[in-house]
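Counting in this note's numbering, the sequence shown runs without a single skipped number right up to 325 at its last residue.
C-beta: ideal position from N, C-alpha, C; glycine also.
First up is the structure itself, then whatever we jot down about it.
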Amino acid sequence: MSNVAIEASGLVKRYGEVTALGGLDLTVPEGTVLGLLGPNGAGKTTVVSILTTLVEPDEGEATVAGIDLLADPGEVRRRIGLAGQYAAVDEVLTGLENLDMIGRLYHLGKGRARQRATELLERFDLVDAADRPVKTYSGGMRRRLDLAGALVAAPQVLFLDEPTTGLDPRSRLELWDIIRELVGSGTTLLLTTQYLEEADQLADDIVVIDHGLAIAHGTADELKAGVGGERIEVIVAEAAQLGATVEALSHLAVGEIERDVATRRVLVPISGGPDVLRKALTELGDHGIGVAEIGLRLPTLDDVFLTLTGSRIEGDDPIDGEAAS
Numbered sequence: 001m002s003n004v005a006i007e008a009s010g011l012v013k014r015y016g017e018v019t020a021l022g023g024l025d026l027t028v029p030e031g032t033v034l035g036l037l038g039p040n041g042a043g044k045t046t047v048v049s050i051l052t053t054l055v056e057p058d059e060g061e062a063t064v065a066g067i068d069l070l071a072d073p074g075e076v077r078r079r080i081g082l083a084g085q086y087a088a089v090d091e092v093l094t095g096l097e098n099l100d101m102i103g104r105l106y107h108l109g110k111g112r113a114r115q116r117a118t119e120l121l122e123r124f125d126l127v128d129a130a131d132r133p134v135k136t137y138s139g140g141m142r143r144r145l146d147l148a149g150a151l152v153a154a155p156q157v158l159f160l161d162e163p164t165t166g167l168d169p170r171s172r173l174e175l176w177d178i179i180r181e182l183v184g185s186g187t188t189l190l191l192t193t194q195y196l197e198e199a200d201q202l203a204d205d206i207v208v209i210d211h212g213l214a215i216a217h218g219t220a221d222e223l224k225a226g227v228g229g230e231r232i233e234v235i236v237a238e239a240a241q242l243g244a245t246v247e248a249l250s251h252l253a254v255g256e257i258e259r260d261v262a263t264r265r266v267l268v269p270i271s272g273g274p275d276v277l278r279k280a281l282t283e284l285g286d287h288g289i290g291v292a293e294i295g296l297r298l299p300t301l302d303d304v305f306l307t308l309t310g311s312r313i314e315g316d317d318p319i320d321g322e323a324a325s
């Protein structure tokens with residue numbers, strides 16, 4: 001059985017009368033990725049802030065990399081890396097200078113700090129930009145440099161709080177490859193993300209939190225299976241036909257039909273696959289309903305999220321935003 005890299009029990013954090021965390025338990029085995037999902041204000045950033053020693057919990061206990069979080073926060077900091085929602089790099093310094101500075105702050109020594117900086121610039125494909133000021137970097141380059149900075153001290157446990165927010169699809173895929181490489185080499189990762197596909201691609205285990213409590217836990221496949229099976233997705237030509245569409249397809253549904261006026265979308269949970277899809281097409285035609293798009297699909301993590309929380313996923317606010325929500 002794998003050793004445990006992160007273990008938290010009964011974490012509670014209050015901001016005035018608002019409870020950001022209401023008694024959260026987490027267990028993350030070494031060399032795995034835990035995806036932490038939740039709606040805006042659910043407490044994801046608060047969890048990361050507590051486990052990285054930036055904020056003390058009001059109640060509960062935790063160990064990170066085998067060290068008691070409250071008893072020896074300094075030793076925890078020596079064993080972890082953190083990349084937050086926004087790249088924490090000095091725009092005036094060059095990429096090399098940023099990493100070299102971080103190495104010296106970790107007391108690696110002048111020679112080792114420069115060596116480590118050079119190694120990470122190569123690993124993150126930033127060698128050609130090493131001597132350029134960071135203010136000239138693209139968003140993707142800054143995120144890679146930020147992640148490189150979190151790895152200067154070769155941490156056992158890495159915390160990534162929405163690491164690909166704002167990146168274009170190509171940069172996001174590149175960062176996913178780097179994350180997979182890190183985990184493959186033994187790094188343990190706790191990842192918060194607003195991209196459900198990201199959790200689906202990277203996480204070995206997923207915890208969904210809402211109002212500071214864990215409301216679901218499992219692999220992506222287990223969570224999807226818990227929601228139910230196939231769905232027919234219909235986008236009608238006119239929003240005025242949404243009601244008629246729901247009525248026409250209601251006898252085919254095996255659960256509650258969802259509708260979205262803004263996107264003119266109707267989502268019908270079914271059992272029976274293509275045969276039921278053909279029946280749906282016939283029903284829609286018989287009722288004179290114009291269809292812009294129709295298809296059959298399996299549930300996604302977004303369906304899981306909507307079923308569990310009643311909302312689509314959004315990015316998390318900083319801690320102050322969570323406290324205010």
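query: Would you tell me roughly how many angstroms separate the C-alpha atoms of D68 and G10, rounded to the nearest one?; result: 14 Å
query: What do you reckon, are the CB atoms on P57 and K13 nearer than 8 Å?; result: yes
query: Return the chain-ordered ranges of every alpha helix (DSSP H) run that is complete within the segment 76 to 110 and spans a minimum of 4 residues.; result: 95 to 105
query: Compare the beta carbon distance of A117 and G103 with 8 Å and say whether it is the shorter of the two.; result: yes
query: Mind the definition here: the segment 44 to 64 touches the segment 231 to 243 only if three or more C-beta pairs lie below 8 Å; say whether that holds.; result: no
query: Going by Cα to Cα distance, which pick from V291, V92, D286, V266 is closest to R297?; result: V266
query: How far does the beta strand (DSSP E) with A10 in it reach, from first residue to last?; result: One detail in the question is off: residue 10 reads as Gly in this sequence, not Ala. Segment 4 to 15, the beta strand (DSSP E) holding G10.
query: Return the first residue and the last residue of the alpha helix (DSSP H) that I235 is part of.; result: Where I235 is concerned, there is no enclosing alpha helix (DSSP H), although the beta strand (DSSP E) it sits in stretches over 231 to 236.
query: Let me make sure I understand the geometry here. Which of P29, R144, R123 has the alpha-carbon closest to that of G84?; result: R144
query: What separation, rounded to the nearest whole angstrom, lies between the Cα atoms of L160 and V227?; result: 27 Å
query: Please go through the same chain and pick out, in chain order, the residues whose beta-carbon is closer than 6 Å to the beta-carbon of T300, but skip the five residues on each side of it.; result: none
query: Going by DSSP, what residue range makes up the beta strand (DSSP E) through I178?; result: Element bounds for I178: not the beta strand (DSSP E) but the alpha helix (DSSP H), 169 to 184.
query: Could you pull the DSSP bridge partners for I206 from this structure?; result: G35, G218
query: If I follow the unbroken alpha helix (DSSP H) through I50, where does it start and stop?; result: 44 to 51
query: Rounded to whole angstroms, what's the CA-CA distance from G315 to P39? Just pull it up for me.; result: Low confidence applies to G315: its pLDDT is 45, below 50, so where it sits in the model is not reliable, and the reading given next is rough at best. Looking at the two C-alpha atoms, the distance is approximately 7 Å.
query: Does DSSP classify D131 as helix, strand or coil?; result: coil
query: Measure the alpha-carbon distance for L165 versus D205 and round it to whole angstroms.; result: In the sequence under discussion, the amino acid at residue 165 is Thr, which differs from the Leu named in the question. Rounded to whole angstroms, T165 to D205 spans 21 Å at the Cα level.
query: Using CA atoms only, rank isn't needed, just tell me which of D177, Q156, L196 is closest to R123.; result: D177
query: Would you kindly work out how many angstroms separate the C-alpha atoms of L252 and D286, rounded to a whole number?; result: 15 Å
query: Is it right to say G288 is buried, meaning 16 or more other beta carbons lie within 10 angstroms of its own, or is it exposed?; result: exposed
query: Does DSSP classify G139 as helix, strand or coil?; result: helix
query: In terms of residue numbering, what span does the alpha helix (DSSP H) encompassing R259 cover?; result: Counting along the chain, R259 falls outside any alpha helix (DSSP H), though it belongs to the beta strand (DSSP E) covering 258 to 260.
query: In three-state DSSP terms, what is K118?; result: Sequence check: residue 118 is Thr here, not Lys. Of the three classes helix, strand and coil, the one that applies to T118 here is helix, per DSSP.
query: Decide if the segment 90 to 108 is in contact with the segment 169 to 189; the criterion is three or more beta carbon pairs, one per stretch, under 8 Å apart.; result: no
query: Measure the alpha-carbon distance for L96 versus A130 and round it to whole angstroms.; result: 5 Å
query: Measuring alpha carbon to alpha carbon, tell me which of I257, L121, G255, T263 ends up nearest E238.; result: T263
query: For V157 versus T192, is the C-beta distance shorter than 8 Å?; result: no
query: Please report the distance separating the alpha-carbon of L34 from that of S171.; result: 22 Å
query: How many angstroms separate the CA atom of L121 from the CA atom of R259?; result: 48 Å
query: Return yes when the Cβ of I235 is within less than 8 Å of the Cβ of K350, no when it is not.; result: With the chain covering only 1 through 325, there is no way to say anything about residue 350.
query: Using the three-state DSSP reduction, which class does E61 fall into: helix, strand or coil?; result: strand
query: Where does A113 fall in DSSP's three states?; result: helix
query: Would you check if the distance between the CB atom of L37 and the CB atom of V47 is smaller than 8 Å?; result: no
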